[in-house]
Amino acid sequence: MVGLPRIWRQIGRGLLALCVLVTLAVGVGVATHFREVEQGVKTYALLRFQALQPISTDKLMEGAIRGMVEALDDPYSTYLDAETYRKLQESVTGSYGGVGLLITLDEKDKRVVVVSPFKGTPAQRAGIKSGDYITAIDGRDTTGMDLETASNLMQGEPGTRVELTILSAGDSNPRKVALTREIIKVPTVDGRMLPGHPGVGYISVTMFNEQTGADLGRELNDLRQQGMQKLILDLRNNPGGALPAAVDVASYFVPQGPVVYIADQKTSEPLMARGYAQPLPLVVLVNKGSASAAEIVAGAIKDTKSGTLVGETTFGKGIVQTIFPLPGDAAVKITTQKYLTPGKHDINKKGITPDYVVPMDPQLEQQVLAHAPDLERDVQLQKALEVLGK
């Protein structure tokens, strides 16, 4: 009995911490949800002091935060612990150790699915492609796993290995792919003049990060000095990225006016073009791996008739996540808004249908995009050249 007062002091401190958390989270709602608050307090006490495996108050508080975010039932909203948040910041600003995949969750099956591999990365070299399911990471089943956990498991020190279990569309048996992690330098812009097609430039934008707008501006100036009069902008397998970068990129092609509308529960606010567009004949290549920020650019160009879209219907991610830092270097990422094209089209879960739909065999697509621009085998690029010729 000597230790009893100490135990009750621990319980009291823990319950106080939980009550503070609940009060801050639901505010005046505590008064009208007293039973739920009572259940939470009792559950805390049971887990903290009756569970066979001891657990700290810190862990329980983190679990409560995760649970509140998961209650949104939104695959894009999640709690980011300090390590996951750090890695996310690295991917936006420059580079990280990993295999080079952008992933999302299949909302129907709750499985991790590949949006696109980054060009020149271990994942792309191993033949992983858009639409592939990742059913396990190092033997850990990904069913019900959140995106940040899956990304965190695939990232790590360069030179270390990770095994992915991949299930491709049309296959009944998954395959195991062993990958060696590398420094993934988040790609931005690559451009050149197309041989055999005088005056036609080709620029591939493979990611939207803080450097993309400036990189694109330099590439456009360089190609103009080489005599570029027409342009093919390749956004295929572009997984998206930072919203400001998308507005910046679109501003090189879209005249003054809205690039995108950002809408929340009550309002809709336009984000305007920067005003430095220099119009030229333009074709934009898109496919099912073109997502998020890439769709903002493609939608703006299509709606303003600044160019022509060729390829396949895009991925259809028309929602915006905001990251809110928390004490202790953690954060929560929450879906706060959706975006609409300049024509007020909501493309979430629908995608953008190009002006010219040109299907491509998935195996051929993987090969030509790994060596783009492939003038001999890329039927979408060939169609783009035909459109520019007209």
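In my numbering, each number is its position in the sequence shown, counted from 1, plus 186. Glycine is no exception: its CB is placed at the ideal position from the N, C-alpha and C atoms. Predicted, not measured: the structure shown is a model, and the values here were computed from it.
Measuring straight from C-alpha to C-alpha, what distance separates Tyr271 and Ala517?
By one-based count along the sequence shown, residue 271 stands at place 85. By one-based count along the sequence shown, residue 517 stands at place 331. C-alpha separation (whole angstroms): 7 Å.
Between the CA atoms of Gly514 and Lys273 - distance to the nearest angstrom:
Translated into the one-based positions of the sequence shown, residue 273 becomes position 87. Translated into the one-based positions of the sequence shown, residue 514 becomes position 328. The straight-line gap from Cα to Cα measures roughly 15 Å.
Three-state secondary structure (DSSP) of Ala459
Looking up residue 459 in the sequence shown gives position 273. In this structure, Ala459 counts as coil in the three-state DSSP scheme.
Secondary structure at Pro511, three-state DSSP: helix, strand or coil?
Here residue 511 refers to the residue found at position 325 when the sequence shown is read from its first residue. If DSSP states are grouped into helix, strand and coil, Pro511 belongs with the strands.
Do Leu350 and Ile323 have their C-beta atoms within less than 9 Å of each other?
For the purposes of this step, residue 350 is taken as residue 164 along the sequence shown, with counting starting at 1. For the purposes of this step, residue 323 is taken as residue 137 along the sequence shown, with counting starting at 1. Cβ atoms of Leu350 and Ile323: closer than 9 Å.
Short check: CB of Gly504 to CB of Leu526, under 9 Å?
On the sequence shown, residue 504 is found 318 positions in, with the first residue counted as 1. On the sequence shown, residue 526 is found 340 positions in, with the first residue counted as 1. Result yes, Cβ atoms of Gly504 and Leu526 sit closer than 9 Å.
Whole angstroms are fine: how far does the CA of Gly356 sit from the CA of Gly413?
Counting from 1 along the sequence shown, the entry for residue 413 is found at position 227. Counting from 1 along the sequence shown, the entry for residue 356 is found at position 170. The alpha-carbon atoms of Gly413 and Gly356 are separated by roughly 45 Å.
Segment limits, beta strand (DSSP E) that includes Ser302:
Residue mapping note: residue 302 aligns to position 116 of the sequence shown, counting from 1. Its beta strand (DSSP E) spans residues Arg297 to Pro303.
What is the DSSP secondary structure of Val565, reduced to helix, strand or coil?
As a working mapping, residue 565 is identified with position 379 in the sequence shown. Val565 falls in the helix class under three-state DSSP.
Is the beta carbon of Thr374 sitting closer than 9 Å to the one on Thr346?
Start at 1 with the first residue of the sequence shown, and residue 374 comes out as number 188. Start at 1 with the first residue of the sequence shown, and residue 346 comes out as number 160. Result no, Cβ atoms of Thr374 and Thr346 do not sit closer than 9 Å.
Cβ atoms of Arg367 and Pro308: under 9 Å apart, would you say?
Here residue 308 is taken as the residue at index 122 of the sequence shown, counted from 1. Here residue 367 is taken as the residue at index 181 of the sequence shown, counted from 1. Taking 9 Å as the Cβ cut-off, Pro308 and Arg367 qualify as a contacting pair.
Other residues of its chain near Gln507: CB distance less than 8 Å, five sequence neighbours each side excluded:
Here the question's residue 507 lines up with position 321 in the sequence shown. Once the five neighbours on either side are set aside, the close Cβ partners of Gln507 are Tyr262, Ser263, Lys519, Ile520, Thr521 and Thr522.
Go ahead and pull the three-state DSSP assignment for Glu368.
Within the sequence shown, numbered from 1, the residue matching residue 368 stands at position 182. Looking at Glu368 - three-state DSSP - the assignment turns out to be strand.
Residue range of the beta strand (DSSP E) that Asp547 falls in?
Taking the first residue of the sequence shown as 1, we reach residue 547 at position 361. Per DSSP, Asp547 belongs to no beta strand (DSSP E) and is neither H nor E.
For the beta strand (DSSP E) holding Met379, just list the boundary residues, first then last.
In the sequence shown, residue 379 corresponds to position 193, counting from 1. From DSSP, the beta strand (DSSP E) with Met379 extends over Val375 to Met379.
Under a Cβ-count criterion, where at least 16 other Cβ atoms within 10 Å of its own Cβ denotes burial, should Asp564 be classed as buried or exposed?
Looking up residue 564 in the sequence shown gives position 378. Asp564 comes out buried.
Supposed close pair Gln644, Leu380 - CB separation, criterion 8 Å
Residue 644 is absent from the structure shown; the chain starts at 187 and stops at 576.
Kindly indicate which three-state DSSP category Glu248 falls into: helix, strand or coil?
By 1-based counting over the sequence shown, the position of residue 248 is 62. Glu248: helix per DSSP, three-state reduction.
Beta carbon of Ser316, beta carbon of Asn423: below 9 Å?
The residue given as residue 316 occupies position 130 in the sequence shown. The residue given as residue 423 occupies position 237 in the sequence shown. Yes, the pair counts as a contact, with Cβ atoms nearer than the cut-off.
Find out if the Cβ-Cβ distance for the pair Gly475, Pro528 is shorter than 9 Å.
The residue given as residue 475 occupies position 289 in the sequence shown. The residue given as residue 528 occupies position 342 in the sequence shown. Result no, Cβ atoms of Gly475 and Pro528 do not sit closer than 9 Å.
Under 9 Å, do Leu266 and Ile509 count as touching if we go by C-beta distance?
The count along the sequence shown starts at 1 and reaches residue 266 at position 80. The count along the sequence shown starts at 1 and reaches residue 509 at position 323. Against a cut-off of 9 Å, the Cβ pair of Ile509 and Leu266 comes out as a contact.
May I ask which residues mark the beginning and end of the beta strand (DSSP E) holding Lys519?
Counted from its first residue, the sequence shown places residue 519 at position 333. Looking at the DSSP string, the run of the beta strand (DSSP E) that includes Lys519 is Ala517 to Leu526.
For Val470, the nearest candidate out of Pro444, Met546 and Leu574 (CA to CA):
Translated into positions along the sequence shown, residue 470 becomes position 284. Considering only alpha carbons, the answer is Leu574.
What runs of the beta strand (DSSP E), each 3 residues or longer, lie entirely inside the region 435-487?
444-449, 454-458 and 468-472
Helix, strand or coil for Leu417, going by three-state DSSP, please let me know.
Taking the sequence shown and counting its residues from 1, one reaches residue 417 at position 231. Strand, per DSSP.
From Lys536 to Lys294, what distance separates their C-alpha atoms?
Translated into positions along the sequence shown, residue 536 becomes position 350. Translated into positions along the sequence shown, residue 294 becomes position 108. Those two C-alpha atoms are separated by around 15 Å.
For Tyr282, count neighbouring Cβ atoms within 10 angstroms of its own Cβ and tell me buried if that reaches 16, exposed if not.
Within the sequence shown, residue 282 is the residue found at index 96, counting from 1. Buried, by the Cβ-count rule.
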